[in-house]
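Chemist: Before I ask anything, here is the structure I am working with.
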Amino acid sequence: MAILSCPLPRPATDRILLAHGGGGRLTNQLIESVFLSAFSNSALESRHDGAVLSASGTRLAMTTDTYVVQPLIFPGGTIGDLAVNGTVNDLAMCGARPLALSAGFVLEEGLAMEILHTVVAAMREAARVANVPIVTGDTKVVDKGKGDGIFLNTTGIGVVVAPKPVGPESVRPGDAVLVSGDLGAHGITILSVRDGLEFEGPVSSDTAPLWAPVQALFEAGIEVHCLRDLTRGGLSSALNEIASVARVRITVEETLIPVSDVVRGACELLGLDPFYVANEGRFVIFVPESDAGHALEILRSQSVSAGAAQAGTVHEDRSGIVTVRSRIRGHRVLDMLSGEQLPRIC
Amino acid sequence: MKFLDEYRNYSAVRQMAQAIQRVAKRPWTLMEVCGGQTYTIVKTGLQDLLPRGITLVHGPGCPVCVTPLEMIDRAIATALRPEVILCSFGDMLRVPGSTQSLLDAKASGADVRIVYSPLDALQLARANPNREVVFFAVGFETTAPANAMAVWQAEREKIPNFSMLVSHVLVPPAMEAILGSLDCRVQAFLAAGHVCMVMGYEEYVPISRKYRVPIVVTGFEPLDLLEGVLMAVEQLEDGRAEVANQYARAVRRSGNLPAQERIAEVFEVTPRAWRGIGEIPSSGLRLREAYRRFDAETRFAMDIDRVEESRECIAGLVLRGLRKPFECPAFGTRCTPDTPLGAPMVSSEGACAAYFHFGRRKEDGHSIVSTATAGH
Chain A
1 MAILSCPLPR PATDRILLAH GGGGRLTNQL IESVFLSAFS NSALESRHDG AVLSASGTRL
61 AMTTDTYVVQ PLIFPGGTIG DLAVNGTVND LAMCGARPLA LSAGFVLEEG LAMEILHTVV
121 AAMREAARVA NVPIVTGDTK VVDKGKGDGI FLNTTGIGVV VAPKPVGPES VRPGDAVLVS
181 GDLGAHGITI LSVRDGLEFE GPVSSDTAPL WAPVQALFEA GIEVHCLRDL TRGGLSSALN
241 EIASVARVRI TVEETLIPVS DVVRGACELL GLDPFYVANE GRFVIFVPES DAGHALEILR
301 SQSVSAGAAQ AGTVHEDRSG IVTVRSRIRG HRVLDMLSGE QLPRIC
Chain B
1001 MKFLDEYRNY SAVRQMAQAI QRVAKRPWTL MEVCGGQTYT IVKTGLQDLL PRGITLVHGP
1061 GCPVCVTPLE MIDRAIATAL RPEVILCSFG DMLRVPGSTQ SLLDAKASGA DVRIVYSPLD
1121 ALQLARANPN REVVFFAVGF ETTAPANAMA VWQAEREKIP NFSMLVSHVL VPPAMEAILG
1181 SLDCRVQAFL AAGHVCMVMG YEEYVPISRK YRVPIVVTGF EPLDLLEGVL MAVEQLEDGR
1241 AEVANQYARA VRRSGNLPAQ ERIAEVFEVT PRAWRGIGEI PSSGLRLREA YRRFDAETRF
1301 AMDIDRVEES RECIAGLVLR GLRKPFECPA FGTRCTPDTP LGAPMVSSEG ACAAYFHFGR
1361 RKEDGHSIVS TATAGH
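The listed protein sequences derive, respectively, from chains A and B.
Mapping of the first sequence onto our numbering: residues 1 to 346, in sequence order.
Mapping of the second sequence onto our numbering: residues 1001 to 1376, in sequence order.
Below, the structure is given as structure tokens:
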């Protein structure tokens, strides 16, 4: 038998890889090593979905997000409503009522005007539903081949209505972890249309504005400790980020986390894990255990979070890890995504 | 979900685990051959349910893990040619070659695409007549029929710009290599259910007899794996060594004959190097003479240097079941899924990556980490 061996270590990457945008470990490394060290300030270092600022007594939340989805129009939405909802949701996760949005378009030469009209109409409708005006904008056109049809940036400002700070640092041992609905529909939809895959039963994106259920929680006086929308990197990345900032251990029950049969089936087939798949209209809510039942009632009364469920709890343990109890009641760590999720061979 | 949830049902799983508890009188070491089985075991925490004396060691059945370094370097060199579109299954992309991975090559301009089937690559060749489409054919007997089909179809349709970089490996010779090594500690095998779905399990009978080892063809769900363990332990306790089939809902004794015919028409058996193990005689497939013109290795003849591999990575010992991943000094420190030293840290089916992601880390020391195997 030959010598047992393995390859030489490779140097740290000297180029941007797609995984740097995947929302997992490499994204975090990029933020920490490049952006945080360059722009360091207290608002940025809170590492929340948006920054909370004070302006003559009013607490404002500010957030920005850039959208690069292909295809531009997909079952359940377009890049336009995705961009409006995404920014509205980042504000909502700061406990802020959206006040106004901006929109910045990078258009590629040759883009069909009809597509632009469809995307803009979807933005208008999403802004109407979320009750937020788009008050300023910008347009640039790049040479054919230098863009991907439409790149879209939205920035939002909101007024913080949360009476107490909402964020990972407010999470306490004993908190209940609620999930607002079934996971993975957006990611699987994009994968299926991009790669021409067909699954049993229709699947469409879950893109939706989340301010209404968040507002309802505050109006009912629920003591909300933390909110996080489950976008890139899915449930796993969100819980890991929160656990590591809050220095607690989060445990979830696999059987309690809602995943539709279509998404589960697609994930089984492709070797993906629904806990890592992206969502655009789902979020987690951390509340004291005593408020969990009431909070679930409120969430379930809103159409966008009708499928809400308690998925887990927070424990005293400074390890900052997330663990899952599996369907067969074995235990494992739910790790942050490494690189991109790649479909496996067999 | 039908045909899955039944095999993940807690009370059925618990009953099966209790049956193992009753039968197992002595400690036994079993190897599950397939990486898909390893993934299920670690992901569901199945080891938590086994009696302490039963040790599962993880076999060489991860196609990504055993693909030799030179072959990955060859795929990267091929992908970097401007005329080439290199198609691969997704999890092959991150595997480090000697200096970079296919993902790195993609970042520096190579046209590398993820496909779900070799027939998708063939379709790309039809759609891009001015490009050379190369499919990186990696895998065991499970993926061989579809790969054979793609070549067969390319031949029938006379598609000139399609070729295949073949790095196919066969499971039974690897099992023999493990059994034949002096330090072998495997007392029974859970054979790879999906490989047997294609090939049947006749070929395991002589291996089982020669080495006096029970071989149980086993599925991939928790209940399958526990039943496979039970069937193997029953034989071990009785002093029997036979080939048995746990995965009867998918596997027939003779396998899938039309698939085997297609493989035999297009491919022939050849010696093949296994990463971390070395060359094993008659353990791989290559294109037959009649189909050799679809061989990317010949079409894009390039000198690929043999690179000395690192001495730190113990992938070979892990792949032969001699070490657990966390027994490697680099595990979780110098070797992680973001900076893998070896292939088992890359693929979701690689034992090291499964241990890393699902929390079986020696430095954790948390109670959630199973002690059922960590003590061995």
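Note that beta-carbon positions come from the ideal geometry of N, C-alpha and C, so glycine has one too.
1. Using a Cβ cut-off of 8 Å (strictly closer), state whether D1305/B contacts chain A.
2. On the three-state DSSP scale, how would you describe G187/A?
3. Taking CB distances under 8 Å as the criterion, tell me whether L239/A reaches chain B.
4. With 16 other CB atoms within 10 Å as the buried threshold, where does I1390/B fall?
5. Just the chain A side, please: which residues come within less than 9 Å of T1038/B by C-beta, in chain order?
6. With H, G and I counted as helix, E and B as strand and the rest as coil, what does DSSP make of Q1100/B?
7. Which first and last residues belong to the beta strand (DSSP E) in which S1167/B is found?
8. Quick one: which chain B residues come within Cβ less than 8 Å of L26/A?
9. For V1205/B, does the count of other Cβ atoms within 10 angstroms reach 16, so buried, or fall short, so exposed?
10. Along the chain, which unbroken stretches of the alpha helix (DSSP H) at least 4 residues long are found entirely within the region 1129-1158 of chain B?
11. Please identify, using Cβ separations under 8 Å, the residues of the region 193-218 of chain A that lie next to chain B, in order along the chain.
12. Between S1208/B and chain A, is there a C-beta pair that is closer than 8 Å?
13. Between the Cα of V252/A and the Cα atoms of C267/A, F218/A and G312/A, which residue gives the shortest distance?
14. Taking 8 Å as the threshold, find out whether the region 256-265 of chain A comes into contact with the region 181-192 of chain A through three or more Cβ pairs.
15. Consider the Cβ of L17/A: report whether some Cβ of chain B lies at a distance smaller than 8 Å.
16. Which residues in the same chain as I1263/B place their Cβ atom closer than 7 Å to its Cβ, once the five residues preceding and following it in sequence are excluded?
17. Just to check my reading of the structure: S237/A and G24/A have Cβ atoms closer than 8 Å, yes? What is that Cβ distance to the nearest angstrom?
18. Return the CA-CA distance between N85/A and G1359/B, expressed in angstroms with no decimal places.
19. Can you find a heavy atom of the ligand HEM that lies under 7 Å from the Cβ of A212/A?
20. Starting from the Cα of V1013/B, find the closest Cα among V1229/B, Q1187/B, V1066/B and H1168/B and give me that residue.
21. Under DSSP, the beta strand (DSSP E) around C1352/B begins and ends at which residues?
22. List the DSSP bridge partners of Y67/A.
23. For V1369/B, does the count of other Cβ atoms within 10 angstroms reach 16, so buried, or fall short, so exposed?
24. Taking the alpha carbon of V1243/B as the reference point, which residue from L1236/B, E1221/B and V1216/B has its own alpha carbon closest?
25. So S1282/B is in the alpha helix (DSSP H); what residue range does that whole segment cover?
26. Run down chain B in chain order and give the residues with a C-beta less than 9 Å from the C-beta of R264/A.
27. Closer than 7 Å by C-beta to S46/A: which residues in its own chain qualify, once you throw out the five before and the five after it? Chain order, please.
28. In the DSSP assignment, find the unbroken alpha helix (DSSP H) run with D1224/B in it and report its ends.
29. What's the gap between the Cα of S1098/B and the Cα of R1311/B?
30. Just to confirm my understanding: we take A1259/B, look at its own chain, exclude 5 residues before and 5 after, and list those with CB closer than 6 Å. What are they?
31. Hey, could you find the ends of the alpha helix (DSSP H) Q310/A is sitting in?
32. Does the beta carbon of R329/A sit closer than 8 Å to a beta carbon anywhere in chain B?
33. How far does the alpha helix (DSSP H) with G285/A in it reach, from first residue to last?
34. Quick one: list the residues of chain A neighbouring R1008/B, beta-carbon separation under 9 Å, in chain order.
35. Just to check my reading of the structure: A1053/B and C1034/B have Cβ atoms closer than 8 Å, yes? What is that Cβ distance to the nearest angstrom?
36. Kindly indicate if chain A contains any beta-carbon less than 8 Å away from that of G1109/B.
Modeler: Per the coordinate set shown:
1. no
2. helix
3. no
4. Any answer about residue 1390/B is impossible in this case: the structure gives chain B only from 1001 up to 1376.
5. The premise fails here: T1038/B is roughly 12 Å from chain A at the closest Cβ pair, so nothing lies under 9 Å.
6. coil
7. F1162 to V1169
8. By Cβ distance, chain B contributes D1338.
9. So V1205/B counts as exposed.
10. 1144-1157
11. D195 and L197
12. no
13. G312/A
14. yes
15. Yes, because at least one Cβ of chain B sits closer than 8 Å to the Cβ of L17/A.
16. A1144, P1145 and A1148
17. 6 Å
18. 35 Å
19. Although the ligand HEM was asked about, the structure shown includes no ligands whatsoever.
20. V1229/B
21. Premise fails: C1352/B lies in the alpha helix (DSSP H), A1351 to H1357, not in any beta strand (DSSP E).
22. L152/A
23. Residue placement at V1369/B is poorly supported in this model, since its pLDDT is 35, which falls under 50; the coordinates still yield a value, given next. Classification for V1369/B: buried.
24. V1216/B
25. It is not in any alpha helix (DSSP H) - S1282/B instead sits in the beta strand (DSSP E) that spans G1278 to L1287.
26. M1001 and L1004
27. Apart from the 5 residues on each side of it in sequence, S46/A sits with its Cβ closer than 7 Å to the Cβ of G167 in its chain, given in chain order.
28. Segment P1222 to D1238, the alpha helix (DSSP H) holding D1224/B.
29. 14 Å
30. P1145 and V1198
31. Counting along the chain, Q310/A falls outside any alpha helix (DSSP H), though it belongs to the beta strand (DSSP E) covering A309 to H315.
32. yes
33. The sequence given here has Ile at residue 285/A, not Gly. Premise fails: I285/A lies in the beta strand (DSSP E), F283 to P288, not in any alpha helix (DSSP H).
34. S326, R327 and I328
35. For the record, residue 1053/B in the displayed sequence is Gly; it is not Ala. Contact doesn't hold; Cβ gap of about 23 Å is too wide.
36. no
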